[in-house]
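Residue numbers (the working numbering): 1 to 190.
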Amino acid sequence: METTQQGFLDSELLREADEDLVSEVNLNNSAMTEEEREQIQQEMAKLEEEISTLKQVLSSKEKQYSELKDKLGISPLSDLRNNFSRSWQDMQSSTAYKKTSETLTTAGQKTSAAFSTLGSTITRKLGDMRNSPSFKSFEEKVDNTVSNIKTKVGGPGTRGSFEDVLSSAANASSEDTPTSNMTNTSEMLH
Numbered sequence: 001m002e003t004t005q006q007g008f009l010d011s012e013l014l015r016e017a018d019e020d021l022v023s024e025v026n027l028n029n030s031a032m033t034e035e036e037r038e039q040i041q042q043e044m045a046k047l048e049e050e051i052s053t054l055k056q057v058l059s060s061k062e063k064q065y066s067e068l069k070d071k072l073g074i075s076p077l078s079d080l081r082n083n084f085s086r087s088w089q090d091m092q093s094s095t096a097y098k099k100t101s102e103t104l105t106t107a108g109q110k111t112s113a114a115f116s117t118l119g120s121t122i123t124r125k126l127g128d129m130r131n132s133p134s135f136k137s138f139e140e141k142v143d144n145t146v147s148n149i150k151t152k153v154g155g156p157g158t159r160g161s162f163e164d165v166l167s168s169a170a171n172a173s174s175e176d177t178p179t180s181n182m183t184n185t186s187e188m189l190h
């Protein structure tokens, strides 16, 4: 399965029209004799034949090379992987890659430092805000509201933690459920 390519190294011999064109061009060169022209044409024919032979040899060598790769188990995919790996290594060793890598490393370090500074600043600002008079006023209002809720839920003498108040409220509400009322009623009947 040979593939033919059109181009400079065509194996196709010159056509008569091409020979006529060459003859006309060479005729304009008055210093060249008929004998010299025939000699050059013979040399060209010989070169064309050599080119054709070299193409056949190259095709044969490529086929042999492909067969040897198949015997070794080297597939086009593994070739591609090896070429990619080699290209990646070449790129990593390039000056442009090294400079870019250094620049990105520096940028990453600066970004990390900026975020660290930002975090510290936010923490400090939140601390300042917590110590501000408006936040203290808000905190007092919340404490008063929680105390009022504790007093109302827990009754007038109880001052437990908020969790204690929630727990006692939950216990009180579970005693008022219909199933517990039914149990209490059934105990009274017996």
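Note that CB positions come from ideal geometry on N, CA and C, so glycine has one too. Since this is a predicted model, take the numbers as computed values, not measurements.
Query	Result
Three-state class that DSSP yields for residue 101 in the structure shown	helix
C-alpha distance - residue 100 paired with residue 88, whole-angstrom precision	15 Å
Backbone CA spacing between residue 2 and residue 57 [nearest angstrom]	Note that residue 2 scores 45 on pLDDT, short of 50, meaning its location in the model is unreliable and no value can be drawn from it.
For residue 121, three-class secondary structure by DSSP	helix
Segment limits, alpha helix (DSSP H) that includes residue 82	76-92
Whole-angstrom distance between residue 123 and residue 143, CA atom to CA atom	24 Å
Integer Cβ distance of residue 135 from residue 129, believed to fall under 8 Å	6 Å
Backbone secondary structure at residue 45 - three-state DSSP	helix
Through-space distance from residue 145 to residue 164, alpha-carbon basis	16 Å
Helix, strand or coil at residue 108 [DSSP, three-state]	helix
Cα-Cα separation between residue 110 and residue 132, rounded to whole angstroms	32 Å
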